[in-house]
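Per this note's numbering, the sequence shown runs over residues 338 to 707.
To start, the structure itself, in structure tokens.
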Amino acid sequence: DMQRLEATLLRMREYGIRGSAVTYGTIVKAYGRAGCIEKVLQAWDEMSKEDLEPNAVTYGCMLDACVKCGHLDRALHVFSVMKQKNLHRNTILYATLIKGFAKSKDPSAARALHREMVAEGVTCNVVVFNSLIDACVRANELHGAAEVLNEMSAVGVLPDLITYSTLIKGYCSIGELHKAIQLTQALQARNLECDEIVFNSLLEGCVKAGDLQTGIELFEGMRRKEVRPSAVTFSILVKLFSRAGRLDLACQLVTHEMKNMHNVAPTRMVWSCLITCAVKARDVGRAAAALEMIDLDGCATGSARASMYAAVIEGCLTHNEVGLALSLCGRAYSDAPADEGPRGAISNDLLRRVFEAAGAKGGHEVEANA
338 DMQRLEATLL
348 RMREYGIRGS
358 AVTYGTIVKA
368 YGRAGCIEKV
378 LQAWDEMSKE
388 DLEPNAVTYG
398 CMLDACVKCG
408 HLDRALHVFS
418 VMKQKNLHRN
428 TILYATLIKG
438 FAKSKDPSAA
448 RALHREMVAE
458 GVTCNVVVFN
468 SLIDACVRAN
478 ELHGAAEVLN
488 EMSAVGVLPD
498 LITYSTLIKG
508 YCSIGELHKA
518 IQLTQALQAR
528 NLECDEIVFN
538 SLLEGCVKAG
548 DLQTGIELFE
558 GMRRKEVRPS
568 AVTFSILVKL
578 FSRAGRLDLA
588 CQLVTHEMKN
598 MHNVAPTRMV
608 WSCLITCAVK
618 ARDVGRAAAA
628 LEMIDLDGCA
638 TGSARASMYA
648 AVIEGCLTHN
658 EVGLALSLCG
668 RAYSDAPADE
678 GPRGAISNDL
688 LRRVFEAAGA
698 KGGHEVEANA
């Protein structure tokens with residue numbers, strides 16, 4: 338609650354209460370979590386003006402705040418100061434910086450920092466190794482990620498679910514589904530269970546590999562293990578079915594099975610995915626039917642609804658389904674929620690192009706009336 342924090346700080350100033358290094362460390366940490374680097378730096382400067390000497394904890398808060406705000410260069414400067422004061426030998430500090438390098442997709446720097454940790458005698462725990470693997474995965478360096486996994490085993494640090502989940506996602510992203518599935522077996526051998534995140538990564542891998550059968554088997558396995566699928570899961574399945582040429586299964590999944598069999602209501606994201614897949618498959622009829630169900634359900638309004646209608650109408654124009662495009666224009670305006678008004682439906686430019694495609698006369702007058 339940043340508003341209450343700032344109100345408290347203001348009251349402290351009004352009463353002349355002087356903050357300690359711990360106080361400023363807390364402030365820096367809070368602004369870091371909020372992603373407000375300007376306020377982080379302002380609080381740090383105020384602490385300096387108050388002649389307060391940062392301790393290891395305060396420095397740690399500053400370093401973490403800089404990383405969270407995406408200012409890795411400032412974090413490294415703070416760390417260099419800590420080294421000068423001999424305050425740097427701490428697992429959490431190194432892990433935080435490695436996470437920063439992971440976010441910036443710099444596995445070389447992350448692994449160099451890990452080597453420094455080892456040289457400095459700082460303990461490397463599972464969080465550090467997971468961050469190293471994440472750095473490699475983000476840069477699509479799966480060979481490096483595998484090396485880190487081997488290093489974990491060599492020093493006796495056991496991989497956890499996050500370790501396997503990160504690696505599985507990485508292999509799926511580069512199309513090596515077989516390696517990802519092998520990792521699920523290693524995961525289970527350690528008495529760990531695949532969660533929704535792992536299953537979703539595997540399903541994405543099936544989409545990338547165009548492997549419908551394995552995707553169906555994974556989803557059935559998900560159900561057997563009673564891992565509840567989310568809207569994200571169903572969006573992936575829609576893509577999987579559609580790219581395998583089974584748009585009929587995708588429609589069946591969204592319009593009937595999601596709610597009736599899995600007790601998950603189709604969200605705007607799922608409907609949008611189905612519409613996109615239908616338009617790509619040149620099946621604008623199914624896309625239009627999905628729009629009708631969306632309006633009945635009321636799950637998409639405003640700009641979200643307008644973008645869905647626009648996507649289908651554009652598809653109609655592309656595939657020369659001008660009659661359907663005209664019909665959808667009418668529905669977009671007539672079925673738009675009253676508080677949005679006609680301008681909340683589709684753009685004037687799209688409406689004009691529909692009339693031009695239809696060869697309609699007076700298109701500008703109709704647009705004006707709309």
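Backbone N, C-alpha and C fix where the C-beta goes; we use that ideal spot for every residue, glycine too.
Item	Value
Tell me which residue opens and which closes the alpha helix (DSSP H) that K545 is part of.	E533 to A546
Under three-state DSSP, which class holds K442?	coil
Cα-Cα, which of V492, N392 and T521 is closest to I499?	T521
Which same chain residues end up closer than 8 Å to T395 when comparing Cβ atoms and leaving out the 5 residues on each side of it in sequence?	A358, V359, Y361, G362, V365 and M384
Looking at the structure shown, is V465 part of a helix, part of a strand, or coil, going by DSSP?	helix
Can you list, in chain order, the residues of its chain with a C-beta nearer than 6 Å to that of V463? Leave out the 5 residues immediately preceding and following it.	V494 and D497
In the structure shown, what three-state DSSP assignment does E488 receive?	helix
On the CB-based measure, 16 or more other CB atoms within 10 Å of its CB, does R350 come out buried or exposed?	exposed
Within the same chain, show all residues whose beta-carbon is closer than 7 Å to that of V607, passing over the 5 residues directly before and after it, in chain order.	A568, F571, S572, V575 and V591
Taking Cβ positions, are L450 and L434 nearer each other than 7 Å?	yes
With I470 and A482 assumed to form a contact (beta carbons below 8 Å), what rounded beta-carbon distance in angstroms separates them?	5 Å
Pull up the distance between the alpha-carbon of L413 and that of I374, whole angstroms please.	15 Å
Enumerate in chain order the residues of its own chain whose CB-to-CB distance from A662 is below 6 Å, with the five nearest sequence positions on each side excluded.	I650, C653, L654 and V691
Of the choices L549, K545, Y501 and S510, whose alpha-carbon is the least far from that of R527?	Y501
Hey, which unbroken runs of the alpha helix (DSSP H) at 4 residues or more fall wholly within the stretch 645–674?	659–671
With DSSP run on the structure shown, which of helix, strand or coil describes N600?	coil
Whose C-beta lies closer than 7 Å to the C-beta of H599 among residues of the same chain, with five residues either side of it excluded?	P566
Below 8 Å on the Cβ atoms is my guess for S468 versus A439; work out the distance and round it to an integer in Å.	5 Å
Given T613, which residues of its chain have a CB within under 6 Å of its CB, disregarding the five upstream and five downstream residues?	none
Going by C-alpha to C-alpha distance, which of C403, K596 and S644 sits closest to Q379?	C403
Terminal residues of the continuous alpha helix (DSSP H) containing C509?	L498 to S510
Near L524, which residues of its chain fall below 6 Å by C-beta distance, leaving aside the five closest residues on each side in sequence?	Y501
Express the C-alpha separation of K405 and E488 in angstroms, rounding to a whole number.	27 Å
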